[in-house]
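Data block below; observations after.
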Amino acid sequence: MRLTFPRRSGLLASAALAGVASLVLATSAFADGVSTDDARAQPFLQFVDFNHPEACTVGGLTGTPIHPTKFTYAGGDNQRNLDITALPADFKVTGMVVRAGDVFNVYLAGKLGEALPWEGLRAPVVGDSELPEIGEWFGCGVAVEKPPVTTTTTTTTTTTTTKTSTQSPTSSTAATSSAEVVVPTTTTTEVPVAQVAQTGGLAATGFGSAWMLGLGAALVAVGAALVLVMRRRRV
């Protein structure tokens, strides 16, 4: 039986609808397999880690991976929740990735808000399992260029004024003239030394013997007179 054109078109349309339905069912099954109760997150069933080339290209992320050491945080690896308390200063963070096994949640910075901390970040749940422990997490962002460092040199000029006091020559002269200078005077008296005359090979001392002879004669005369007087008294 030969199909007419309208009938063939109808069969093609039915096949296309069946394909779309299969895709929707597959998507629903995927959505039912991985879920999250965090309205800020988008769950994904795919292995993505820090070194994956598409680590910061899924879920609307942009930039390059940012290592956890750049953040200030609490919780994280081997725990069920992650709290971000401070962001790196040299990056503009566009979002966060929190992974557990082959599933991960993408948190866009716009949904997390500008105010910190970002609390309760976690990995998605697979099926009916409990909230898993975090196996890995990292940030995504764009490096921020640091402004050039400007060096300012300040020159300070200090002026020093020195005052000098000068005494007048008159007062200096007066002070000098009023001071008495006592100079000790030494008087030397020369005593004449008697010269010794030498006579007959002996020194002449200036002592004569004539007067002694006269004195002896006088004493003899006096003695003689006394004897004469004594005799006369006896007669």
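Counted the way the UniProt record's numbering counts, the sequence shown spans residues 1 to 235.
Ideal placement from N, C-alpha and C gives every residue a C-beta, glycine not left out.
Computed from a predicted model, the values in this text were never measured in an experiment.
Review point. If G139 and V93 are in contact, beta carbons under 8 Å, what's the gap, nearest whole angstrom?
Key: 5 Å
Check your understanding: Buried or exposed: where does M96 fall if 16 or more other Cβ atoms within 10 Å of its Cβ makes it buried?
Key -> buried
Review point. Are there 16 or more other CB atoms within 10 angstroms of the CB of L219, so buried, or fewer, so exposed?
Key: exposed
Review point. Pick from R40, P68, F44: whose alpha carbon is nearest that of G33?
Key: F44
Practice item. Quick one: grab the DSSP three-state call for G135. Key: Looking at G135 - three-state DSSP - the assignment turns out to be coil, as it is neither helix nor strand.
Practice item. Look up F91 in the DSSP assignment and give the residues it is bridged to. Key: A143
Point to revise | Contact under 8 Å by Cβ, D38 with E136 | key: No.
Check your understanding: With C-beta atoms as the reference, is N81 less than 8 Å away from G120?
Key -> yes
Exercise for review: Counting only runs of 3+ residues fully inside the region 59-109, write out the beta strand (DSSP E) ranges in chain order.
Suggested key: You should have 64-66, 72-75, 82-86, 91-100, 103-108.
Exercise for review: Going by CA-CA distance only, name the one from H52, A217, G76 that's closest to P65.
Suggested key: H52
Check your understanding: Taking Cβ positions only, does Q79 come closer than 8 Å to chain D?
Key -> Going by chain labels, chain D is absent from the structure shown, which holds only one protein chain.
Review point. Considering only residues of the same chain and omitting the five flanking positions on each side of G127, which have a CB-CB separation below 7 Å?
Key: G33
Point to revise | Backbone CA spacing between G101 and F47 [nearest angstrom] | key: 7 Å
Review point. Under the three-state reduction of DSSP, which class applies to V181: helix, strand or coil?
Key: Caution applies to V181, whose pLDDT of 44 falls short of 50 and renders its modelled position unreliable; the value that the coordinates give is listed next. Coil at V181, not helix or strand.
Point to revise | Residue from E54, P88, C56 with nearest C-alpha to T69 | key: P88
Exercise for review: Return the residue from the list L131, C56, S129, R122 that minimises the CA-CA distance to V142.
Suggested key: C56
Review point. The beta strand (DSSP E) with P43 in it runs from where to where?
Key: 41-45
Exercise for review: Please report how far the alpha carbon of L213 lies from the alpha carbon of A225, in whole angstroms.
Suggested key: 19 Å
Check your understanding: Can the beta-carbon of E130 be found closer than 8 Å to that of N78?
Key -> no
Practice item. Within 10 angstroms of the Cβ of V103, are there 16 or more other Cβ atoms? Answer buried if so, exposed if not. Key: buried
Review point. So who's on the other strand from S35, going by DSSP bridges?
Key: V125
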